[in-house]
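Residue numbers (our numbering): 128 to 186.
Glycine is no exception: its CB is placed at the ideal position from the N, C-alpha and C atoms.
Bear in mind that the values here come from a model prediction, so they are computed numbers and not experimental data.
Following: one structure in structure tokens, then a few remarks.
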């Protein structure tokens, strides 16, 4: 019975990982895709608009 107790944790972790991957794949696209794309475009726009000023006299 030691082999059963040794195999249970990896099997359980593998099942949860497969479930996570399936959930991520299923959530891609669909009705929320446009909203997600707009949020990413907004974040990129904000990041590009921020300009860093060069440091003077610092190390």
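- Task: Could you tell me the boundaries of the alpha helix (DSSP H) in which residue 172 lies?
- Result: That run of the alpha helix (DSSP H) goes 160-176.
- Message: My output table needs one value for residue 157: the three-state DSSP class, helix, strand or coil.
- Response: helix
- Query: What's the gap between the Cα of residue 156 and the Cα of residue 183?
  - Reply: 46 Å
- Message: For residue 148, which residues in the same chain have their Cβ closer than 6 Å to its Cβ, ignoring the five residues on either side in sequence?
- Response: none
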